[in-house]
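Asker:
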Amino acid sequence: NAGVTQTPKFQVLKTGQSMTLQCAQDMNHEYMSWYRQDPGMGLRLIHYSVGAGITDQGEVPNGYNVSRSTTEDFPLRLLSAAPSQTSVYFCASSFSLAGGLGTQYFGPGTRLTVL
Amino acid sequence: DQQVKQNSPSLSVQEGRISILNCDYTNSMFDYFLWYKKYPAEGPTFLISISSIKDKNEDGRFTVFLNKSAKHLSLHIVPSQPGDSAVYFCAASVGTNAGKSTFGDGTTLTVKP
């Protein structure tokens, strides 16, 4: 099991450029989420998905798009990068089962800098 | 308005002693709480969780206590070890939909040998 994988690990963009952060999981989890972590802060939810074809917005969705065409993949698209999107991005996945089994598994993160 | 707060940005304890990390929440709809541990340049890893139907959950050296009336939870690590040095995040969700968790800002724990 590779768990949750994210690519790239590091990325530098210029303002206005677009890019896609990739996330994949091999645990057959229904739920997948994208978070960003700014220095000294906790993780803030950008978008999440409860299954293939179903996505919803989190706390800070502006400037980001997602889609979920398969259970395994959940890419995050930056439409027009801005310096305020400089952050570390984490992808996570989890089962949707009750009984306390909904804990999330996180990828190693993508460190994005927008100049 | 921050719904999950960890008011201590940092905590330093001696090896072998108890570490107590605190977390407060404001949303009474939260009924599932988790603690994650994060090392530098890695993603968070799940540590322990508690449902609102319980007031205590124990896993080895880690115990989480929940006080629903005070909207407060704490993580106890006994005994603390240098390898426990990391950032600890408290998170809360409605139901067990951990995929939509709200996180605190984290507490950096340093365990001194």
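Line by line, the protein sequences give chains A and B. Under the numbering used here, the first residue of the first sequence is numbered 1, with each subsequent residue one higher. Under the numbering used here, the first residue of the second sequence is numbered 1001, with each subsequent residue one higher. A virtual CB, placed ideally from N, CA and C, is assigned to each residue, including glycine.
1) Have a look at B:Ser1080 and A:Leu79 and give me their C-alpha separation to the nearest angstrom.
2) May I ask you to list the residues that DSSP assigns as paired with A:Glu72?
3) Comparing the C-beta of A:Tyr48 with each C-beta of chain B, is any distance below 7 Å?
4) Which same chain residues end up closer than 8 Å to B:Ser1028 when comparing Cβ atoms and leaving out the 5 residues on each side of it in sequence?
5) Please classify B:Lys1100: does DSSP put it in a helix, a strand, or coil?
6) Have a look at B:Ser1101, B:Thr1110, B:Pro1113 and flag the residue whose alpha-carbon is nearest the alpha-carbon of A:Phe106.
7) Taking CB distances under 7 Å as the criterion, tell me whether A:Thr20 reaches chain B.
8) Are the C-beta of A:Phe74 and some C-beta of chain B separated by less than 7 Å?
9) Under a three-way DSSP split, which group does A:Gly51 fall into?
10) Using DSSP's beta-bridge definition, name the partner residues of B:Lys1056.
11) Counting only C-beta atoms, is A:Met41 closer than 7 Å to chain B at any point?
12) Going by beta carbon distance, what residues of the same chain come within less than 7 Å of A:Thr70, once the five residues before and after it are set aside?
13) What does B:Asp1024 touch in chain A if you count any residue whose Cβ is under 8 Å from its own?
14) So if I threshold CB-CB distances at 9 Å, which residues from the region 1032 to 1050 of chain B count as touching chain A?
15) Nearest to A:Thr113 by alpha carbon, out of A:Thr5, A:Ala2, A:Gly3, A:Thr15?
16) Report, in whole angstroms, the separation of the C-beta atoms of B:Leu1073 and B:Phe1062, which I expect to be a contact under 8 Å.
17) Which residues does DSSP pair with B:Ser1080 in a beta bridge?
18) Figure out for me which residue from A:Ser33, A:Ala81, A:Thr7, A:Leu21 has the closest Cα to the Cα of A:Asn62.
19) What residues of chain A sit near B:Ser1052, judged by a beta carbon separation below 9 Å?
20) Measure the Cβ-Cβ separation of B:Tyr1032 and B:Pro1044 and say whether it is below 7 Å.
Answerer: Quick look at the numbers:
1) So the two alpha carbons sit approximately 45 Å from each other.
2) Paired residue(s): none; A:Glu72 is not in a bridge.
3) For A:Tyr48, the nearest CB of chain B lies under 7 Å from its own CB, placing it at the interface with that chain.
4) Lys1071
5) helix
6) B:Ser1101
7) It does not; no Cβ of chain B falls within 7 Å.
8) no
9) Strand, per DSSP.
10) B:Phe1065
11) yes
12) Ala52
13) Per Cβ cutoff of 8 Å: no residues; B:Asp1024 is ~13 Å from chain A at best.
14) Tyr1032, Leu1034, Tyr1036, Lys1038, Ala1041, Glu1042, Gly1043, Pro1044, Thr1045, Phe1046, Ser1049, Ile1050
15) Comparing Cα positions, the closest option is A:Thr15.
16) About 13 Å; that fails the 8 Å criterion.
17) The partner list for B:Ser1080 (beta bridge, DSSP) is empty, contrary to what the question assumes.
18) A:Ala81
19) The premise fails here: B:Ser1052 is roughly 11 Å from chain A at the closest Cβ pair, so nothing lies under 9 Å.
20) no
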